[in-house]
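*Asks:* Handing you a structure now.
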DNA sequence: GCGCACATGTAACCTGTTACATGATTTG
DNA sequence: CAAATCATGTAACAGGTTACATGTGCGC
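Chains as they are written, first to last, in the UniProt record's numbering: chain A, 1 to 181; chain B, 1 to 181.
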């Protein structure tokens, strides 16, 4: 049981998912390839942490459910939390911004903006969906069940907006610092 | 020459560093263990990307310099930039916030705040130092040389502030959603 | 019918982590 | 003078990526 296993168990604590869904839900804060996810899910099954249930209706769709190993998650949550890891190639490139020509700089920032705009458009509908839950008194149980997810989606949304604002600020400063008029 | 190698070359483009310094400079956006850094620096030397220069004064201190392999960095900068990777155990735990007891939630947020406050206090003096460069017309060359680094330190500072604000917002919302008065 | 998103899996390989090792210099 | 920080390195192992493989269902 490594960290990824516990991350998967956390996802499953909310609702049963397929491996495919787990990957998508996790992408907000933990990127893993499907090859890795299916491999560790297999190990987790042999160790009794999850159960596979074949879906008979729509063929070939497996549902996974967390079994009565919940206490192991509660225990993990109390253990010391490792610091977040980030690896951002774009920022390594920005490190040498003063050595690049202007067109390269423009391209780098445009790519970055494009990427975060795309992220934002994927995120926005998720956020709105969750905020509908929040404001519907008839769906209190669902809201409670999605509360953690809402906090994370909200954080991700802020992050995207701030990154885009930083791109604009940084590019402006670059021009006002290095353009000799 | 993998991604880490290019990240190291970017750091060295700014100034000569020891392996130890490289680790610290990179930590802003790419965390690597010293064992990995020294290993790849060794490979980079045999392939002629860097040179080791022993420091005769203060014993045992090696300075590394980037050689005339600069064009390879320029080429790398133009290649497609991989998306940033993040792995945040804390957010996985937040996913199951609705299943935790209140004291666990309080502890989680407090640890997170402590961590980001610490980050902020490490970052703040770096930011101030760079802003002094920016405002000193006599140190234009230095400012230009540190411009990329400034952009990154600034981004990191914003990130810390926003994370701390999010913690307060999230914990408030948690209480107003789940405290039955 | 073609391409795309859904859906799952294995194997080889590269990257990153942990543990082991050592020694100098600085600060309380 | 003990503890922390500076400073570098190797080896074994665990984690993560890439490539290979296969098949379904939907919309254009």
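C-beta atoms are modelled at their ideal positions from N, C-alpha and C, and glycine is treated no differently.
Do you know offhand how far residue 64(A)'s Cα is from residue 72(A)'s?
*Replies:* In the first chain, residue 64(A) corresponds to position 64, counting from 1. In the first chain, residue 72(A) corresponds to position 72, counting from 1. Each residue's alpha carbon lies about 17 Å from the other.
*Asks:* Residues in the same chain with beta-carbon distance under 6 Å from residue 44(B), minus the five sequence neighbours each way, listed in chain order, please.
*Replies:* Here residue 44(B) corresponds to residue number 44 of the second chain, with the count starting at 1. 5 and 50.
*Asks:* Determine which residues share a DSSP beta bridge with residue 17(B) and list them.
*Replies:* Start at 1 with the first residue of the second chain, and residue 17(B) comes out as number 17. Answer by DSSP bridge pairing, in chain order: 64(B).
*Asks:* Smallest Cα separation from residue 107(B): which of 134(B), 22(B), 21(B) and 171(B)?
*Replies:* Here residue 107(B) refers to the residue found at position 107 when the second chain is read from its first residue. The residue with the shortest Cα to Cα distance from residue 107(B) is 171(B).
*Asks:* Whole alpha helix (DSSP H) runs in the UniProt domain "Transcription regulator PadR C-terminal" (87-173) of chain A with 4 or more residues, listed along the chain?
*Replies:* You should have 89-95 and 102-134.
*Asks:* Beta strand (DSSP E) containing residue 53(A): first to last residue?
*Replies:* Residue 53(A) sits at position 53 when you count from the first residue of the first chain. Note, residue 53(A): beta strand (DSSP E), 50-55.
*Asks:* Among the candidates 2(A), 9(A) and 153(A), whose CA atom is the shortest distance from the CA of residue 99(B)?
*Replies:* As a position in the second chain, residue 99(B) is number 99, starting the count at 1. Residue 99(B) has its Cα closest to that of 9(A), out of 2(A), 9(A) and 153(A).
*Asks:* So, using beta-carbon positions, are residue 24(A) and residue 85(B) closer together than 7 Å?
*Replies:* Residue mapping note: residue 24(A) aligns to position 24 of the first chain, counting from 1. Residue mapping note: residue 85(B) aligns to position 85 of the second chain, counting from 1. No, the pair does not count as a contact, with Cβ atoms beyond the cut-off.
*Asks:* Candidates 69(B), 89(B), 80(B) and 78(B): which alpha carbon is nearest residue 78(A)'s?
*Replies:* Taking the first chain and counting its residues from 1, the one referred to as residue 78(A) is at position 78. Nearest of 69(B), 89(B), 80(B) and 78(B) to residue 78(A), Cα basis: 89(B).
*Asks:* To the nearest angstrom, how far is the alpha carbon of residue 48(A) from that of residue 150(A)?
*Replies:* Along the first chain, one-based indexing puts residue 48(A) at 48. Along the first chain, one-based indexing puts residue 150(A) at 150. Distance between the alpha carbons of residue 48(A) and residue 150(A): 29 Å.
*Asks:* Between the segment 82-99 of chain B and chain A, which residues of the former have CB atoms less than 8 Å from a CB of the latter, in chain order?
*Replies:* So the close ones are 82, 83, 84, 85, 86, 87, 88, 89, 90, 91, 92, 93, 94, 95, 96, 97, 98 and 99.
*Asks:* Do you know offhand how far residue 187(B)'s Cα is from residue 112(A)'s?
*Replies:* The displayed coordinates of chain B run from 1 to 181. Any statement about residue 187(B) would go beyond what the structure contains.
*Asks:* Does residue 146(B) pass the burial test, meaning 16 or more other C-beta atoms within 10 Å, or should it be called exposed?
*Replies:* Taking the second chain and counting its residues from 1, one reaches residue 146(B) at position 146. Buried: at least 16 other Cβ atoms inside 10 Å.
*Asks:* Out of 163(A), 28(A) and 128(A), which one is the CA nearest neighbour of residue 91(B)?
*Replies:* If you number the second chain from 1, residue 91(B) lands on position 91. For residue 91(B), the nearest C-alpha among the options comes from 28(A).
*Asks:* Using only CA atoms, which one of 36(B), 135(B) and 176(B) lies nearest to residue 102(B)?
*Replies:* Within the second chain, residue 102(B) is the residue found at index 102, counting from 1. Among 36(B), 135(B) and 176(B), the Cα nearest to that of residue 102(B) is on 176(B).
*Asks:* Would residue 155(A) and residue 166(B) be called neighbours here (beta carbons separated by less than 7 Å)?
*Replies:* To locate residue 155(A), count along the first chain from 1; it is residue 155. To locate residue 166(B), count along the second chain from 1; it is residue 166. Going by C-beta atoms, residue 155(A) is nearer than 7 Å to residue 166(B).
*Asks:* Please confirm whether residue 66(B) and residue 52(B) have their CB atoms less than 7 Å apart.
*Replies:* Counting from 1 along the second chain, the entry for residue 66(B) is found at position 66. Counting from 1 along the second chain, the entry for residue 52(B) is found at position 52. Contact flag unset, no.
*Asks:* Check whether the Cβ of residue 105(A) lies closer than 7 Å to any Cβ atom in chain B.
*Replies:* Indexing the first chain from 1 puts residue 105(A) at position 105. Output row for residue 105(A): interface = no.
*Asks:* With a threshold of 7 Å between beta carbons, is residue 42(B) in contact with chain A?
*Replies:* Mapped onto the second chain, residue 42(B) falls at position 42. No, no contact with chain A.
*Asks:* Once the 5 residues before and after residue 134(B) are set aside, which same chain residues still bring their CB inside 8 Å of it?
*Replies:* In the second chain, residue 134(B) corresponds to position 134, counting from 1. Correct list, in chain order: 143 and 150.
*Asks:* Give me the Cα-Cα distance between residue 39(B) and residue 33(A), rounded to the nearest whole angstrom.
*Replies:* By one-based count along the second chain, residue 39(B) stands at place 39. By one-based count along the first chain, residue 33(A) stands at place 33. Cα to Cα, the separation comes out at about 26 Å.
*Asks:* With a 10 Å radius around its C-beta and 16 neighbouring C-beta atoms as the bar for buried, classify residue 20(B) as buried or exposed.
*Replies:* Against the second chain, residue 20(B) aligns to sequence position 20. Exposed, because fewer than 16 other Cβ atoms sit within 10 Å of the Cβ of residue 20(B).
*Asks:* Terminal residues of the continuous alpha helix (DSSP H) containing residue 69(B)?
*Replies:* As a first step, residue 69(B) is located in the second chain; it is residue number 69 there, counting from the start. Neither: residue 69(B) is in no alpha helix (DSSP H) and is coded neither H nor E.
*Asks:* Mind checking residue 59(B): buried by the 16 CB within 10 Å criterion, or exposed?
*Replies:* Translated into the one-based positions of the second chain, residue 59(B) becomes position 59. Only weak support is given to the placement of residue 59(B): the predicted model assigns it a pLDDT of 49, under 50, and the value that follows is read from those uncertain coordinates. With fewer than 16 other Cβ atoms within 10 Å, it is exposed.
*Asks:* Let me know if residue 122(A) comes out buried or exposed under the rule of 16 or more other beta-carbons within 10 Å of its beta-carbon.
*Replies:* As a first step, residue 122(A) is located in the first chain; it is residue number 122 there, counting from the start. It counts as exposed.
*Asks:* Taking 7 Å as the cut-off, decide whether the C-beta atoms of residue 116(A) and residue 158(A) are in contact.
*Replies:* For the purposes of this step, residue 116(A) is taken as residue 116 along the first chain, with counting starting at 1. For the purposes of this step, residue 158(A) is taken as residue 158 along the first chain, with counting starting at 1. No, Cβ-Cβ distance for residue 116(A) and residue 158(A) is not below 7 Å.
*Asks:* Which residue marks the beginning of the alpha helix (DSSP H) containing residue 36(B), and which one marks its end?
*Replies:* Position 36 of the second chain, counted from the first residue, corresponds to residue 36(B). Per DSSP, residue 36(B) belongs to the alpha helix (DSSP H) from 34-46.
*Asks:* Determine, using beta carbons only, whether residue 63(A) comes closer than 7 Å to chain B.
*Replies:* Sequence index remark: in the first chain, residue 63(A) carries index 63 (1-based). No, residue 63(A) does not count as interfacial toward chain B.
*Asks:* Going along chain B, which residues have a C-beta under 7 Å from residue 145(A)?
*Replies:* Here the question's residue 145(A) lines up with position 145 in the first chain. Near residue 145(A) (Cβ distances below 7 Å), the residues of chain B are 98.
*Asks:* If we count the other Cβ atoms within 10 Å of its Cβ and call it buried at 16 or more, is residue 132(B) buried or exposed?
*Replies:* Residue mapping note: residue 132(B) aligns to position 132 of the second chain, counting from 1. So residue 132(B) ends up on the exposed side.
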